[in-house]
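Read the structure below first, then the notes.
In full-length UniProt numbering, the protein residues as written are 1 to 334.
What follows is the structure in structure tokens.
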């Protein structure tokens, strides 16, 4: 497997990384094989699965770093500026009198993120290649580990059955606000089959929590690829006194079977790139996870040609509503 450009730039400075190093947000490539004493930290379930298969026990999954201390830590730049702040602070707390590196693509904003690194210690650019940059800062006395839950943003949704409290963590889709697609779907949750219901791509758990209040006798599972979304959903459920199984997984393959319904505002972003692969796989595979007469109900941008894919793999597709550039689709398994 070839290395990502960010890994290649990092390996140009391999002499700096020979000790106990923590690689945060690393790509699922050969990097851990090149750095035998390094340990990974991932919050993406798909990349974690690939890394665990190739380098068993060497990559930690979750919203907090594995126990340190480390001689050095490397942050592979994430998309969210707020998440970058948290991750840099968390890594700095793990490298007392050590080194903190930042690597990322120029178009992803690595120069902007270098200024965030500079708030912790003096930052200097070490290398620039493959449209990427590598920055470095020396950490003195390690700052205390940041309190992730204290960074959660809370907002209230006025629903027919009372206000719903929503908590979102840095880096989670639509952080601190309700997106337009979910708002439209929330208005069209009537008439779902009862039983085991899945919120696919759950984000902060808005849809899942609403479903559990609307259908209290149904079992609820919430699924997302991102550990920060998983933690946000747990916080949202707890804030409303609701119960549900919250699981991390890379797409619909990780979902339970014999579901009464799958409800989703499916994701279509991966890093700085746009990808519809997870949603298209959901549409192709939903029937395998639904019981007979089980329903898939989702919101999507109106311009996306999803109905033919839904009808090919699941059944007749109905459009329930359209507004603000979004459309609600529904289909039942035969």
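Where is the CB? At the ideal position from N, CA and C, for every residue including glycine.
- Residue 166 holds the alpha-carbon nearest to the alpha-carbon of residue 207 among 166, 123, 32 and 191.
- Annotated three-state conformation of residue 332 is strand, per DSSP.
- Using a Cβ distance threshold of 8 angstroms, residue 168 and residue 264 do not count as a contacting pair.
- Taking one beta carbon from each stretch, the region 142 to 151 and the region 273 to 291 have fewer than 3 pairs nearer than 8 angstroms; the two do not touch.
- The Cβ atoms of residue 197 and residue 164 do not sit closer than 8 angstroms to each other.
- In the DSSP assignment, residue 289 falls within the alpha helix (DSSP H) that extends over 277 to 289.
- One alpha carbon belongs to residue 260, the other to residue 87, and they sit about 38 angstroms apart.
- For residue 73, the beta-bridge partners assigned by DSSP are 22 and 100.
- Here the C-alpha atom of residue 20 lies approximately 10 angstroms from the C-alpha atom of residue 95.
- When only Cα atoms are considered, residue 191 and residue 230 end up about 27 angstroms apart.
- When only Cα atoms are considered, residue 302 and residue 143 end up about 47 angstroms apart.
- Where residue 40 is concerned, the enclosing beta strand (DSSP E) starts and stops at 39 to 42.
- For residue 175, the secondary structure class from DSSP, reduced to helix, strand or coil, is coil.
- Comparing alpha carbon positions, the residue from 174, 257, 185 and 152 closest to residue 234 is 152.
- The alpha carbon of residue 226 has as its nearest neighbour, out of 282, 62 and 58, the alpha carbon of 62.
- Sequence-distant Cβ neighbours of residue 83 in its own chain, meaning closer than 6 angstroms and more than five residues away, are 170 and 171.
- Take residue 244, set aside five residues on each side of it, and the residues of its chain with a beta-carbon closer than 7 angstroms to its own are 208, 212, 220, 221, 222 and 237, in chain order.
- Per DSSP, the continuous alpha helix (DSSP H) segment holding residue 33 begins and ends at 31 to 34.
- At the C-beta level, residue 76 and residue 11 stay beyond 8 angstroms of one another.
- In this structure, the CA atom of residue 328 is about 34 angstroms from the CA atom of residue 28.
- Taking a 10 Å sphere around the C-beta of residue 159, we find fewer than 16 other C-beta atoms and assign the residue as exposed.
- About 11 angstroms separates the Cβ atoms of residue 42 and residue 32, ruling out a contact at the 8 angstroms cut-off.
- Secondary structure in the region 202 to 247: the alpha helix (DSSP H) runs of 4 residues or longer, each lying completely within the stretch, are 206 to 214 and 227 to 239 in chain order.
- The residue among 201, 239, 242 and 91 with its C-alpha nearest the C-alpha of residue 297 is 201.
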